[in-house]
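To keep things clear, I will list the structure first and then write my remarks on it.
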Amino acid sequence: EAGVTQFPSHSVIEKGQTVTLRCDPISGHDNLYWYRRVMGKEIKFLLHFVKESKQDESGMPNNRFLAERTGGTYSTLKVQPAELEDSGVYFCASSQDHGGGSYGYTFGSGTRLTVV
Amino acid sequence: KNQVEQSPQSLIILEGKNCTLQCNYTVSPFSNLRWYKQDTGRGPVSLTIMTFSENTKSNGRYTATLDADTKQSSLHITASQLSDSASYICVVRGNQFYFGTGTSLTVIP
Numbered sequence: 001e002a003g004v005t006q007f008p009s010h011s012v013i014e015k016g017q018t019v020t021l022r023c024d025p026i027s028g029h030d031n032l033y034w035y036r037r038v039m040g041k042e043i044k045f046l047l048h049f050v051k052e053s054k055q056d057e058s059g060m061p062n063n064r065f066l067a068e069r070t071g072g073t074y075s076t077l078k079v080q081p082a083e084l085e086d087s088g089v090y091f092c093a094s095s096q097d098h099g100g101g102s103y104g105y106t107f108g109s110g111t112r113l114t115v116v
Numbered sequence: 117k118n119q120v121e122q123s124p125q126s127l128i129i130l131e132g133k134n135c136t137l138q139c140n141y142t143v144s145p146f147s148n149l150r151w152y153k154q155d156t157g158r159g160p161v162s163l164t165i166m167t168f169s170e171n172t173k174s175n176g177r178y179t180a181t182l183d184a185d186t187k188q189s190s191l192h193i194t195a196s197q198l199s200d201s202a203s204y205i206c207v208v209r210g211n212q213f214y215f216g217t218g219t220s221l222t223v224i225p
């Protein structure tokens with residue numbers, strides 16, 4: 001089966017610009033998560049979708065970040081306007097159930113965002 | 117404060133040798149603990165998951181242990197291979213998921 005797909009794989013934008021990251025989860029996975037790894041720090045949770053609903057968005061850093069999952073399929077994460085501290089690797093993960101089951105969560109390869 | 121700390125930060129070992137990675141956590145409440153392997157440029161891939169009642173779980177050459185009383189876990193890699201070179205991340209699930217910063221393992225011939 002196809003894994004979790006993220007694109008772009010890399011994005012370099014100027015401070016103040018807008019960037020939209022996309023995640024295509026594994027087909028049939030209702031649970032979709034966004035995570036972020038800032039350089040030198042641990043991966044941190046951003047938010048969790050169950051189908052098209054935001055189940056938990058407690059990790060979203062501020063209102064410059066907007067996540068959507070229309071139709072409960074793919075998800076987008078928009079950063080507007082981007083700031084230098086938004087640079088990092090943004091991971092998406094999906095799972096059939098929130099607990100992850102025996103196989104855990106399937107992660108995408110991430111989008112490396114660099115804001116200059 | 118919910119935290120996950122891993123040690124060592126980096127490790128270099130000879131091919132064929134064994135190694136043990138450590139994970140200490142202060143996450144509460146505790147649901148489960150997972151070890152992930154992340155190859156460069158790829159997303160993390162799950163190796164093991166352990167719940168409160170499990171002490172040891174193996175996945176091939178990987179063996180994870182959990183001491184829920186001391187809130188410590190370890191990942192033991194036996195007979196290392198060059199392909200084991202990666203970042204190993206400990207993730208603890210409480211009310212949300214808490215990630216360690218990872219241990220970077222390099223296996224050299």
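Residue numbers (my numbering), protein chains in the order written: chain A, 1 to 116; chain B, 117 to 225.
Glycine residues also receive a C-beta, built at the ideal position from the N, C-alpha and C atoms.
Check: residue i C-beta below 7 Å from any heavy atom of the ligand NAP
i	result
N211(B)	Within the structure as shown, the ligand NAP is missing, as the structure has no ligands at all.
Chain-ordered neighbours of residue i on chain A, where CB pairs are closer than 9 Å
i	result
S201(B)	Within 9 Å Cβ-Cβ: nothing; S201(B) doesn't reach chain A, min ~17 Å.
Proximity of residue i and residue j at Cβ, strictly below 8 Å
i	j	result
R158(B)	S58(A)	no
A82(A)	W34(A)	no
L130(B)	L191(B)	no
R22(A)	T70(A)	no
I193(B)	N134(B)	yes
Q212(B)	F91(A)	no
S11(A)	V4(A)	no
S189(B)	T179(B)	no
C206(B)	V120(B)	yes
T111(A)	S9(A)	yes
S147(B)	G210(B)	yes
V208(B)	Y141(B)	yes
S201(B)	G132(B)	no
N175(B)	T164(B)	yes
L130(A)	D86(A)	Residue 130(A) cannot be examined here, being either before or after the span of chain A that is shown, 1 to 116.
Q125(B)	T219(B)	yes
Cross-chain neighbours of residue i in chain B, by beta carbon under 9 Å
i	result
G88(A)	Simply none; closest approach about 13 Å.
Within chain B, partners of residue i - CB distance below 7 Å
i	result
V12(A)	Chain B residues near V12(A): none, gap ~16 Å exceeds 7 Å.
Y74(A)	Near Y74(A) there are no residues of chain B at all, since even the closest Cβ is about 16 Å away, more than 7 Å.
Chain-ordered neighbours of residue i on chain B, where CB pairs are closer than 8 Å
i	result
S109(A)	G157, R158 and G159
V4(A)	G159
Residue-chain proximity (residue i, chain B), Cβ-Cβ < 8 Å
i	result
F91(A)	yes
Short CB-CB distance (under 8 Å) between residue i and chain A
i	result
Q212(B)	yes
A217(B)	Correcting the residue identity first, residue 217(B) is Thr in this sequence and not Ala. T217(B) counts as touching chain A.
S162(B)	yes
Proximal residues of chain A, C-beta to C-beta of residue i below 7 Å
i	result
S189(B)	Under the 7 Å cutoff, chain A gives no residues; its nearest Cβ is about 15 Å from S189(B).
S144(B)	None at all; the shortest Cβ gap to chain A is about 16 Å.
8 Å Cβ cut-off: residues of chain A touching residue i
i	result
S169(B)	What S169(B) touches in chain A: nothing, since even the nearest Cβ is about 15 Å away.
Interface flag, residue i vs chain E, CB-CB below 8 Å
i	result
Q55(A)	Of the protein chains in this structure, namely A and B, none is chain E.
Relative to chain B, which residues along the segment 37-62 of chain A have a C-beta separation below 9 Å, given in chain order? R37, G40, K41, E42, I43, K44, F45, H48, D56, S58 and G59
3-residue-minimum beta strand (DSSP E) runs that sit fully inside the segment 20-100 of chain A, ordered along the chain: 31-37, 43-50, 53-56, 65-68, 75-79 and 88-95
Ignoring anything shorter than 4 residues, give me the alpha helix (DSSP H) runs that lie fully in the segment 185-212 of chain B, in order along the chain. none
Contiguous alpha helix (DSSP H) assignments of at least 4 residues, all confined to the segment 120-176 of chain B: none
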